[in-house]
Amino acid sequence: MAFLERMGNWIWNPWLLGAFLLLGLYYSIRSGWFQLFGLRLWLRATLGALLRPRKRGRRGNGLTQLQALSTALASTIGTGSIAGVATAIFYGGPGAVFWMWISALLGMMTGCAEKILAVRYRRRTADGGWQGGPMEYMEQGLGLRPLALCFSLFCVAASIGGGDMVQANSIATALEHAFGWDRLAVGAVTALLTGVVVLGGIRRIGQVSEKLVPMMALLFLAGGGVVLCCHAAAVPEALSRIVTGAFTPKAALGGGMGYGMATAMRYGVARGVFTNEAGLGSSAMAHAAAEVSEPAEEGMWGIFEVFVATLVICTVTALVILTSGVYQEEAALAAIQSGTVDSSMVGSALSAAAFSTVLGRWGGPFVALCLLLFAFSSLLGWSYYGEQGLRYLTGTDRWTGLYRLAFLAFLVLGSAGEVGAVWQVADICNGMMALPNLAALFLLAPEALDLLRRWTARQRENR
6 MAFLERMGNW IWNPWLLGAF LLLGLYYSIR SGWFQLFGLR LWLRATLGAL
56 LRPRKRGRRG NGLTQLQALS TALASTIGTG SIAGVATAIF YGGPGAVFWM
106 WISALLGMMT GCAEKILAVR YRRRTADGGW QGGPMEYMEQ GLGLRPLALC
156 FSLFCVAASI GGGDMVQANS IATALEHAFG WDRLAVGAVT ALLTGVVVLG
206 GIRRIGQVSE KLVPMMALLF LAGGGVVLCC HAAAVPEALS RIVTGAFTPK
256 AALGGGMGYG MATAMRYGVA RGVFTNEAGL GSSAMAHAAA EVSEPAEEGM
306 WGIFEVFVAT LVICTVTALV ILTSGVYQEE AALAAIQSGT VDSSMVGSAL
356 SAAAFSTVLG RWGGPFVALC LLLFAFSSLL GWSYYGEQGL RYLTGTDRWT
406 GLYRLAFLAF LVLGSAGEVG AVWQVADICN GMMALPNLAA LFLLAPEALD
456 LLRRWTARQR ENR
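For the record, in the sequence shown the residue sitting at position 200 is 205 according to our numbering, with numbers rising by one throughout.
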């Protein structure tokens, strides 16, 4: 655990955190803060499109836009939205939420650029579908196949670490605390259900995600809304702790204890990236499979995706934890410094305790159900991303079956792992995956921004 923590701190150093924020800031400034001032345009292109049935039809063997969005959200709205936020608050303090917001605000444009480039540089597959993502725009757009190979390698590793083991771990932890179920047994059943879906490929994943994602998101938001209504008086104080905690010096509490701005930023940005995946390039692979002709139109879904995953769902989780009173900074810091943190104090267990303050004995089962749905959908999305990375590395589908078996095996292993260690592995894999993608996004920024400007101009002319 100590080695993993040192490795995670080495990868997620201030330079990498700054790279995420600076790239998002660069795209935001160059686009005229489109995520804010282009609000009507991207909402009309996303929510408006869902209300127009003629826009949702599939013209080829790819995915509809709703299926592409649902598949992408299936991986982004994973356990990081529940257990990950709780982990960020426990290890980084309330201020981590603020930096999660900042990473999301800037990441909206990073996510937009990823989707634009994924659709711009993609190719038809033998079955009439689409294959694309960062590896394709690295090779076709930049001519840097070695960079594409590095990304694909890290993508496979991230699919096993962050997209597989973390999801299984959170499911097992939640069901163990809620019902006392054996963790390995939970992992085995989850692996069986996941295998049934992923064997059908991207189209079956899209069909399942299209039905599952909206239902699970509404269920969680409804439960969170009930808790926040009951703790409404504590919301202003929680918001104050989030803002002040983001800039508080380390020795903010008695005895020289405190989180500090650097710690809050490290966990907030890292967890924000994990929950919305802006900068990782992973969800771009799902959007590349959409049957859409305009690259910038698909980019609007990238903005919407980050907005929903972090600024809506993760914020609800954070406020539920901070308003319920179950999180105590002094106790958390003491446990961290003494090395006595256990699974009942962090992750999904902390979220379950917060919901239980209002839902009573149903709080644990409610969180367990939401985690089960969130994690299962995330497993589906990440299994596809890993397959795409492996397919690019090998140039063939021959190893797909072996990858799926390995994915399911690590799922079972992750269900029995220590929660802190699994989250550290997730951060390491995400950081390694992000490095080549951030470089590609910076080098291809002029083209992505030009495609966005031209599409925006056409939309405003047609109003």
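Ideal Cβ positions, reconstructed from N, Cα and C, are used throughout, including at glycine.
Since this is a predicted model, take the numbers as computed values, not measurements.
Restricting to Cα atoms, I'd like to know which of P139, G386, A439 is closest to G83. Taking the sequence shown and counting its residues from 1, one reaches residue 83 at position 78. Out of P139, G386, A439, the CA that lies nearest to the CA of G83 is found in G386.
Alpha carbon to alpha carbon, how far is R403 from G206? For the purposes of this step, residue 403 is taken as the residue at position 398 of the sequence shown. For the purposes of this step, residue 206 is taken as the residue at position 201 of the sequence shown. Straight through space, the alpha carbons of G206 and R403 are spaced by roughly 14 Å.
Coil, strand or helix - W135 by DSSP: What you label residue 135 is simply residue 130 of the sequence shown in a count that begins at 1. DSSP, reduced to helix, strand and coil, places W135 within a strand of the structure shown.
For the beta strand (DSSP E) that R127 lies in, which residues bound it at each end? On the sequence shown, position 122 is the one that residue 127 refers to. R127 -> beta strand (DSSP E) spans 127-129.
Could you please give me the residues that DSSP links to A295 through a beta bridge? Taking the sequence shown and counting its residues from 1, the one referred to as residue 295 is at position 290. DSSP output for A295 lists L68 as bridge partner(s).
DSSP three-state label for Y332, please. As a first step, residue 332 must be located in the sequence shown, where it is residue number 327. Y332: coil per DSSP, three-state reduction.
Do G250 and A269 come within 8 Å of each other at the CB atom, strictly closer than that value? Here the question's residue 269 lines up with position 264 in the sequence shown. Here the question's residue 250 lines up with position 245 in the sequence shown. Against a cut-off of 8 Å, the Cβ pair of G250 and A269 comes out as a contact.
First and last residue of the alpha helix (DSSP H) that includes Y142? Indexing the sequence shown from 1 puts residue 142 at position 137. Premise fails: Y142 is in no alpha helix (DSSP H) and is neither H nor E.
Quick check on DSSP: helix, strand or coil for I87? Numbered from 1 along the sequence shown, position 82 holds the residue referred to as residue 87. I87: coil per DSSP, three-state reduction.
DSSP state of N174, grouped into three classes? Indexing the sequence shown from 1 puts residue 174 at position 169. DSSP, reduced to helix, strand and coil, places N174 within a helical segment of the structure shown.
Same chain, Cβ closer than 7 Å to G352, neighbours up to 5 away in sequence not counted: Within the sequence shown, numbered from 1, the residue matching residue 352 stands at position 347. Result list for G352: A88, A91, T92, S175, T178, V424, in chain order.
Look at W17 and D432 and say whether their C-beta atoms are less than 8 Å apart. What you label residue 17 is simply residue 12 of the sequence shown in a count that begins at 1. What you label residue 432 is simply residue 427 of the sequence shown in a count that begins at 1. In this structure, the beta-carbon distance from W17 to D432 falls below 8 Å.
In chain order, what residues of the same chain lie with their CB nearer than 7 Å to the CB of C319, ignoring the 5 residues before and after it? On the sequence shown, position 314 is the one that residue 319 refers to. If the five residues before and after C319 are omitted, its C-beta is found closer than 7 Å to the C-beta atoms of S86, V90, M105, T280, all from its own chain and listed in chain order.
Limits of the alpha helix (DSSP H) - the one that G228 falls within: If you number the sequence shown from 1, residue 228 lands on position 223. G228 -> alpha helix (DSSP H) spans 206-235.
Alpha-carbon spacing of I247 relative to P99, whole angstroms: For the purposes of this step, residue 247 is taken as the residue at position 242 of the sequence shown. For the purposes of this step, residue 99 is taken as the residue at position 94 of the sequence shown. I247 and P99 have their alpha carbons spaced roughly 5 Å apart.
Say whether the stretch 290-297 touches the stretch 188-204, bearing in mind that this needs 3 or more beta-carbon pairs closer than 8 Å, one atom from each stretch. No, because fewer than three Cβ pairs between the stretch 290-297 and the stretch 188-204 fall closer than 8 Å, the two stretches do not touch.
Environment of L22 [buried if 16+ CB atoms lie within 10 Å]: To locate residue 22, count along the sequence shown from 1; it is residue 17. Buried: at least 16 other Cβ atoms inside 10 Å.
Buried or exposed, going by whether 16 or more other CB atoms sit within 10 Å of the CB of K120? Counting from one through the sequence shown, the residue named residue 120 turns up at place 115. Per the 10 Å Cβ criterion, buried.
Under 8 Å between C-beta atoms of A323 and I94: As a working note, residue 323 is residue 318 in the sequence shown. As a working note, residue 94 is residue 89 in the sequence shown. At a Cβ-Cβ threshold of 8 Å, A323 and I94 count as neighbours.
For D402, the first and last residue of its enclosing alpha helix (DSSP H): If you number the sequence shown from 1, residue 402 lands on position 397. Bounds of any alpha helix (DSSP H) do not take in D402, whose DSSP letter is neither H nor E.
From P441, R463, F8, residue whose alpha carbon lies closest to that of L149: Along the sequence shown, read from residue 1 onward, the residue named residue 149 stands at position 144. Of the candidates P441, R463, F8, the one whose C-alpha sits nearest the C-alpha of L149 is P441.
When we look at the beta-carbon of E310 and count the other beta-carbons within 10 Å, is it buried (16 or more) or exposed? Looking up residue 310 in the sequence shown gives position 305. Burial call: buried.
Reference S271; option with closest CA among L223, F8, A24: By one-based count along the sequence shown, residue 271 stands at place 266. The question names Ser, but residue 271 in the sequence shown is Arg. For R271, the nearest C-alpha among the options comes from A24.
State the DSSP-derived secondary structure class of D187, mapped to helix, strand or coil. Walking along the sequence shown from the start, residue 187 turns up at place 182. Coil.
T51 by DSSP, collapsed to three states: which one? Position 46 of the sequence shown, counted from the first residue, corresponds to residue 51. In this structure, T51 counts as helix in the three-state DSSP scheme.
Considering only the beta carbon of each residue, do Q70 and W367 sit closer than 8 Å? Translated into positions along the sequence shown, residue 70 becomes position 65. Translated into positions along the sequence shown, residue 367 becomes position 362. No, the Cβ-Cβ distance between Q70 and W367 is not below 8 Å.
Exposed or buried, R11, counting other C-beta atoms within 10 Å across all chains shown (16 or more means buried)? Taking the sequence shown and counting its residues from 1, one reaches residue 11 at position 6. Of the other Cβ atoms in all chains shown, fewer than 16 fall within 10 Å of the Cβ of R11; this residue is therefore exposed.
Output the boundary residues of the alpha helix (DSSP H) element that contains E302. Residue numbering aside, residue 302 sits at position 297 when the sequence shown is read from its first letter. E302 -> alpha helix (DSSP H) spans 300-311.
Tell me where the alpha helix (DSSP H) around G13 begins and ends. Start at 1 with the first residue of the sequence shown, and residue 13 comes out as number 8. It spans 7-16 - the alpha helix (DSSP H) in which G13 sits, taken as one unbroken run.
In terms of residues, what are the limits of the alpha helix (DSSP H) holding P451? Here residue 451 is taken as the residue at index 446 of the sequence shown, counted from 1. Unbroken alpha helix (DSSP H) run through P451: 450-466.
Report buried or exposed for A256, applying the criterion of at least 16 other Cβ atoms within 10 angstroms of its Cβ. In the sequence shown, residue 256 corresponds to position 251, counting from 1. Residue placement at A256 is flagged as unreliable, the pLDDT there being 42, under the threshold of 50; a coordinate-derived value is accordingly withheld.
For E242, the three-state DSSP class (helix, strand or coil): Against the sequence shown, residue 242 aligns to sequence position 237. DSSP places E242 in helix when its eight states are reduced to three.
Buried or exposed (CB count within 10 angstroms, at least 16 for buried), P241: Your numbering for residue 241 matches position 236 in the sequence shown. It counts as exposed.
CA-CA distance, G391 and L244? Locating residue 391 in the sequence shown gives position 386, counting from the first residue. Locating residue 244 in the sequence shown gives position 239, counting from the first residue. Rounded to the nearest whole angstrom, the C-alpha separation of G391 and L244 is 38 Å.
Mind reading off the beta-carbon distance from F103 to G273? Whole number of angstroms is fine, and I expect it under 8 Å. Within the sequence shown, the letter at position 98 stands for residue 103. Within the sequence shown, the letter at position 268 stands for residue 273. Going by Cβ atoms, the distance from F103 to G273 rounds to 7 Å, so yes, they are a contact pair.
Would you kindly work out how many angstroms separate the C-alpha atoms of M111 and N435, rounded to a whole number? For this step, residue 111 is matched to residue 106 along the sequence shown. For this step, residue 435 is matched to residue 430 along the sequence shown. A small fix is needed here, since residue 111 is Leu in this sequence, not Met. When rounded, the distance between both Cα atoms is 18 Å.
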